[in-house]
Amino acid sequence: MPSAMDERMHACTTCHGVQGQGRNNDYFPRIAGKPADYLFNQLIAFRDGGRNYPPMGYLLAFLPDPYLHKIAEYFAALQPPYPNPDTQPLPATVLDYGKTLVMQGDPSRKLPACASCHGARLTGTQPGIPGLLGLHASYIAGQMGTWRSGTRHAIAPDCMHTIAVKLTDRDITAVSSWLARQPRPADPTPAPKHTGRLPMACGSQPE
């Protein structure tokens, strides 16, 4: 029997899937299982203009912070199955380059590895860094583009903007393509909060 919260979340699950698992397209990403603080920050951003997508802004315009916390906690607690990874063939050189950037970064350009913040399993890090698996390559590339152009904002200091402006189109294609082809994680839960320092200051993950 659906709970009252299940019923209220129909406005979210209509687009993001019945358990927040995402849709088989490039527009409605997986939100299930991501850290609650990350989800809360995104809801605030859509409501207050840090992210621009009119349907989300409309839905959230008059919702108070405590209720947004409840929404975030609801989806953070869900762990539906991940979708099958992308199998469209790409040159090995593209995927190898993407893996290198994700797992090692590029110190010569002061680009940290994605895994240094998003976790070794790439399933996110508590309390505010999202997982990167289970997303379409075009969605990942699109979000990197909005950070690079400055149309998506996070809590200052906005570390993702700092990183994205250094990325070329080749970088973004390689990273997003490699991430979209990774298998379902055996343990999908976000990693515990870092005990050391992040590669750079990040307002979404205060130290």
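All residue numbers for the sequence shown refer to the working numbering, where the first residue is 188 and numbers rise by one. By construction, the Cβ of each residue, glycine as well, lies at the ideal position given by its N, Cα and C atoms.
- Message: For a test of the three-state rule: what should DSSP assign to A343, helix, strand or coil?
- Response: The residue labelled residue 343 in the question sits at position 156 within the sequence shown. A343 falls in the coil class under three-state DSSP.
- Three-state secondary structure (DSSP) at L250? To locate residue 250, count along the sequence shown from 1; it is residue 63. Correct three-state label for L250: coil.
- Message: Rounded to whole angstroms, what is the Cα-Cα separation between Q330 and S190?
- Response: Here residue 330 is taken as the residue at index 143 of the sequence shown, counted from 1. Here residue 190 is taken as the residue at index 3 of the sequence shown, counted from 1. Between Q330 and S190, the alpha-carbon positions lie close to 33 Å from each other.
- How about the segment 337-347 and the segment 379-392: do they share at least three Cβ pairs that are nearer than 8 Å? With three or more CB-CB distances shorter than 8 Å, the segment 337-347 counts as touching the segment 379-392.
- Task: Please list, in chain order, all residues of the same chain as Y284 whose beta carbon is under 7 Å from its beta carbon, the five residues on each side excluded.
- Result: Translated into the one-based positions of the sequence shown, residue 284 becomes position 97. These residues qualify, in order along the chain: A361.
- Item | Whole-Å CB distance - L255 paired with G207, under 8 Å assumed | Counting from one through the sequence shown, the residue named residue 255 turns up at place 68. Counting from one through the sequence shown, the residue named residue 207 turns up at place 20. About 15 Å; that fails the 8 Å criterion.
- Message: Would you call the segment 263-282 in contact with the segment 215-233, where contact means no fewer than 3 C-beta pairs closer than 8 Å?
- Response: At 8 Å Cβ cutoff, the stretches touch.
- With burial defined as no fewer than 16 other Cβ atoms inside 10 Å of the residue's Cβ, what is the status of D358: buried or exposed? Counted from its first residue, the sequence shown places residue 358 at position 171. Classification of D358: buried, given that the 10 Å Cβ count is 16 or more.
- For G329, the first and last residue of its enclosing alpha helix (DSSP H): Numbered from 1 along the sequence shown, position 142 holds the residue referred to as residue 329. That run of the alpha helix (DSSP H) goes 324-336.
- Compare the beta carbon distance of P270 and N211 with 8 Å and say whether it is the shorter of the two. For the purposes of this step, residue 270 is identified with residue 83 of the sequence shown, where counting begins at 1. For the purposes of this step, residue 211 is identified with residue 24 of the sequence shown, where counting begins at 1. For P270 and N211, yes; Cβs fall inside 8 Å.
- Message: Using only CA atoms, which one of R384, T349, R308 lies nearest to A373?
- Response: Within the sequence shown, residue 373 is the residue found at index 186, counting from 1. For A373, the closest alpha carbon among the candidates R384, T349, R308 is that of R308.
- Taking the Cβ atom as the reference point for each residue, do A279 and M290 lie within a distance shorter than 8 Å? In the sequence shown, the residue the question calls residue 279 occupies position 92. In the sequence shown, the residue the question calls residue 290 occupies position 103. No, Cβ-Cβ distance for A279 and M290 is not below 8 Å.
- Determine the contact status of L319 and L277, defining contact as a CB-CB distance below 8 Å. Translated into positions along the sequence shown, residue 319 becomes position 132. Translated into positions along the sequence shown, residue 277 becomes position 90. No, these two residues do not count as a Cβ contact at 8 Å.
- Task: State the Cα-Cα distance for the pair T338 and L322, rounded to the nearest angstrom.
- Result: In the sequence shown, counting from the first residue as 1, residue 338 sits at position 151. In the sequence shown, counting from the first residue as 1, residue 322 sits at position 135. Between the alpha carbons of T338 and L322 lies a gap of roughly 20 Å.
- Query: Taking the Cβ atom as the reference point for each residue, do Q163 and A219 lie within a distance shorter than 8 Å?
  - Reply: Residue coverage of the chain in this structure runs from 188 to 394, which leaves residue 163 outside it and unanswerable.
- Item | Where the alpha helix (DSSP H) containing L366 begins and where it ends | Here residue 366 refers to the residue found at position 179 when the sequence shown is read from its first residue. From DSSP, the alpha helix (DSSP H) with L366 extends over 356-367.
- Along the chain, where does the alpha helix (DSSP H) that runs through I231 open and close? One-based indexing of the sequence shown puts residue 231 at position 44. 223-235 is the span of the alpha helix (DSSP H), which, as asked, contains I231.
- Query: Secondary structure at G316, three-state DSSP: helix, strand or coil?
  - Reply: On the sequence shown, position 129 is the one that residue 316 refers to. Going by the sequence as given, residue 316 is Ile instead of Gly. In this structure, I316 counts as strand in the three-state DSSP scheme.
- Cβ-based burial, N239 [other Cβ within 10 Å; buried from 16]: Within the sequence shown, residue 239 is the residue found at index 52, counting from 1. Counting the other CB atoms within 10 Å of its CB gives N239 a total below 16, which places it among the exposed residues.
- Message: Any beta carbon of chain B sitting closer than 8 Å to that of A341?
- Response: Reference to chain B is not applicable here, since this structure consists of a single protein chain.
- Query: So which of L298, H340, T382, Y326 has the shortest CA-CA distance to G237?
  - Reply: Position 50 of the sequence shown, counted from the first residue, corresponds to residue 237. Closest by alpha carbon: H340.
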